[in-house]
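Let me begin by presenting the structure, written as structure tokens, before commenting on it.
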Amino acid sequence: MHEWLAVSGPRTVLLAAPRSFCAGVERAIEIVDRALAVHGAPVYVRKQIVHNSHVVDALSARGAVFVAELDEVPPHSTVVFSAHGVSPAVRTEAASRGLDVIDATCPLVAKVHAGARRAAARGDTIVLIGHSGHEEVDGTLGEAPERTVLVQSPSDVDGLDVADPTRVTYLAQTTLALDETRDVVERLVRRFPEARGSAAEDICYATTNRQEAVSALAGDADLVLVVGSGNSSNSRRLVEVARRHGTRAHLIDGVRDVRPEWLDGVKVVGLTAGASAPSHLVDEVTAALGGLGPVTVVERRTAEETVTFALPPIPAKEVL
38 MHEWLAVSGP RTVLLAAPRS FCAGVERAIE IVDRALAVHG APVYVRKQIV
88 HNSHVVDALS ARGAVFVAEL DEVPPHSTVV FSAHGVSPAV RTEAASRGLD
138 VIDATCPLVA KVHAGARRAA ARGDTIVLIG HSGHEEVDGT LGEAPERTVL
188 VQSPSDVDGL DVADPTRVTY LAQTTLALDE TRDVVERLVR RFPEARGSAA
238 EDICYATTNR QEAVSALAGD ADLVLVVGSG NSSNSRRLVE VARRHGTRAH
288 LIDGVRDVRP EWLDGVKVVG LTAGASAPSH LVDEVTAALG GLGPVTVVER
338 RTAEETVTFA LPPIPAKEVL
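The sequence shown: position 172 = 209 (this note's numbering), numbered continuously.
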């Protein structure tokens, strides 16, 4: 307790806006909610529906069952594909097991998949900029595995060996940092001048907006706290953005992760949440800081978000 008393005092909290859920995350969560309402529990979900432990725990309590792979799903059950998308091989496996599939793939991720299919049909080598092992990357790679190579940094571009340097298309994981992606694209275009792509457009609007919002406040904050789970790519990118502005920053899954030593000498806290983190977690952090002394909350809004995505049909299961 004395550690917290030592860092008590008045503070300003700069709230980044936009923050928290994006349209794709809201859509994915609502899909699971509606599937549970229509089908009843259990409804199986391949991987985490979005990368946030609090969301997953809340849906699990209502009857969603999260599985790593489809062989854990009983045949002829209902399964939801996560917002991160899946490869064609996963869709084929679901069909072979007679699973009732509800697809919660974010439309912006689906757009990148479509771009990969078009490029492969043209005979291009596809350079996918992203993080190895991320579910979204695995799904996109699966669209044309024989024609796709993954690069994670500008240095990776130097070792690329492509069949035809004049036929290169580049795509990007939707949750990357804009400036890092730009560096890779610049190196790629220098090496393959005829390469074409839209990596900046592939990065989703919500990822961009949240990064720009953090950039707008990081220089005025002594510390930036980003609410998001450790496996959330877009949340981790927000921490990196703040640190590139020279500001100390930490990723926290919730208020219990905040350490008193982080607040030593801190008068201004920048606060945001990744696109998969519920907004109430931000409120809890603000309230906890208020428990240490008077807090002045100032919202820094850099963009308005009005995007919504339609839900897919969720038909009732037929009774045989």
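The C-beta atom is built at its ideal place from N, Cα and C for all residues, glycine as well.
Is the beta carbon of H150 less than 8 Å from the beta carbon of G122? Working through the sequence shown from its first residue, we reach residue 150 at position 113. Working through the sequence shown from its first residue, we reach residue 122 at position 85. For H150 and G122, yes; Cβs fall inside 8 Å.
Quick check on DSSP: helix, strand or coil for L197? Along the sequence shown, read from residue 1 onward, the residue named residue 197 stands at position 160. Residue state, collapsed to three classes: coil.
Beta-carbon proximity list for E341, same chain, < 6 Å, skipping 5 on both sides: Stepping through the sequence shown from its first residue, residue 341 is reached at position 304. So no residue of the chain qualifies.
Am I right that S235 and H88 are in contact with their C-beta atoms under 8 Å? What's the rounded C-beta distance? Sequence index remark: in the sequence shown, residue 235 carries index 198 (1-based). Sequence index remark: in the sequence shown, residue 88 carries index 51 (1-based). So it is not a contact: roughly 24 Å between Cβ atoms.
Within 8 Å, strictly: CB atoms of E153 and I163: The sequence position of residue 153 within the sequence shown is 116, counting from 1. The sequence position of residue 163 within the sequence shown is 126, counting from 1. A small correction: the amino acid at residue 153 is Ala; Glu does not occupy that position in the sequence shown. Yes, Cβ-Cβ distance for A153 and I163 is below 8 Å.
Please state the DSSP three-state secondary structure of L25. Any property of residue 25 remains undetermined from this structure, which presents the chain solely from 38 to 357.
Member of E298, S252, G328 and G291 whose CA lies at the smallest distance from the CA of R337: Sequence index remark: in the sequence shown, residue 337 carries index 300 (1-based). Among E298, S252, G328 and G291, the Cα nearest to that of R337 is on S252.
Cα separation between L107 and G170? The residue you call residue 107 lines up with position 70 of the sequence shown. The residue you call residue 170 lines up with position 133 of the sequence shown. Computed Cα separation, rounded: 18 Å.
Proximity of T115 and D137 at Cβ, strictly below 8 Å: The residue you call residue 115 lines up with position 78 of the sequence shown. The residue you call residue 137 lines up with position 100 of the sequence shown. Yes, Cβ-Cβ distance for T115 and D137 is below 8 Å.
What are the boundary residues of the beta strand (DSSP E) that A43 is part of? The sequence position of residue 43 within the sequence shown is 6, counting from 1. A43 -> no beta strand (DSSP E), and no H or E assigned at all.
Tell me, to the nearest whole angstrom, how far the beta carbon of A157 is from that of E180; I am working on the premise that it is less than 8 Å. Taking the first residue of the sequence shown as position 1, residue 157 is located at position 120. Taking the first residue of the sequence shown as position 1, residue 180 is located at position 143. 7 Å between Cβ atoms; contact.
Classify D320: buried if its beta carbon has 16 or more other beta carbons within 10 angstroms, exposed otherwise. Along the sequence shown, one-based indexing puts residue 320 at 283. Burial call: exposed.
By Cβ distance below 7 Å, which residues in the same chain neighbour A131 in space, the five residues on each side in sequence not counted? Residue numbering aside, residue 131 sits at position 94 when the sequence shown is read from its first letter. Closer than 7 Å at the Cβ level, and outside the excluded window around A131, lie L107, V116 and V138.
Can the beta-carbon of G311 be found closer than 8 Å to that of V264? The sequence position of residue 311 within the sequence shown is 274, counting from 1. The sequence position of residue 264 within the sequence shown is 227, counting from 1. It is a contact, given that the beta carbons lie within the stated cut-off.
Local conformation of T203 per DSSP, three classes: Along the sequence shown, one-based indexing puts residue 203 at 166. Three-state DSSP puts T203 in coil, outside helix and strand.
Under 8 Å by Cβ, that's how I've got L300 and V44 pegged, so tell me the actual separation to the nearest angstrom. Position 263 of the sequence shown holds residue 300. Position 7 of the sequence shown holds residue 44. Rounded, the Cβ-Cβ distance is 4 Å, consistent with contact.
Nearest to T212 (by Cα), restricted to the options W41, I166, G160 and S97: Along the sequence shown, one-based indexing puts residue 212 at 175. When only C-alpha atoms are compared, the closest one is I166.
Identify which residue in L254, S272 and N271 has its Cα closest to the Cα of G283. On the sequence shown, position 246 is the one that residue 283 refers to. The residue with the shortest Cα to Cα distance from G283 is L254.
As assigned by DSSP and simplified to three states, the class of E172: In the sequence shown, counting from the first residue as 1, residue 172 sits at position 135. Looking at E172 - three-state DSSP - the assignment turns out to be helix.
Just list the residues that DSSP pairs D137 with in beta bridges. Locating residue 137 in the sequence shown gives position 100, counting from the first residue. DSSP, once it has assigned bridges, lists T115 as partnering D137.
Starting from L254, follow the alpha helix (DSSP H) in both directions and report where the run begins and ends. If you number the sequence shown from 1, residue 254 lands on position 217. From DSSP, the alpha helix (DSSP H) with L254 extends over Y242 to A255.
How far does the beta strand (DSSP E) with R337 in it extend, from its first residue to its last? Along the sequence shown, one-based indexing puts residue 337 at 300. V332 to R338 is the span of the beta strand (DSSP E), which, as asked, contains R337.
Could you spell out the range, first to last residue, of the beta strand (DSSP E) harbouring V305? Within the sequence shown, the letter at position 268 stands for residue 305. Residues V305 to A310.
Can you say whether D94 is buried or exposed, counting buried as having 16 or more other CB atoms within 10 angstroms of its CB? Residue numbering aside, residue 94 sits at position 57 when the sequence shown is read from its first letter. Per the 10 Å Cβ criterion, exposed.
Alpha-carbon spacing of D193 relative to V222, whole angstroms: As a working mapping, residue 193 is identified with position 156 in the sequence shown. As a working mapping, residue 222 is identified with position 185 in the sequence shown. If I take the Cα positions, the gap works out to 11 Å.
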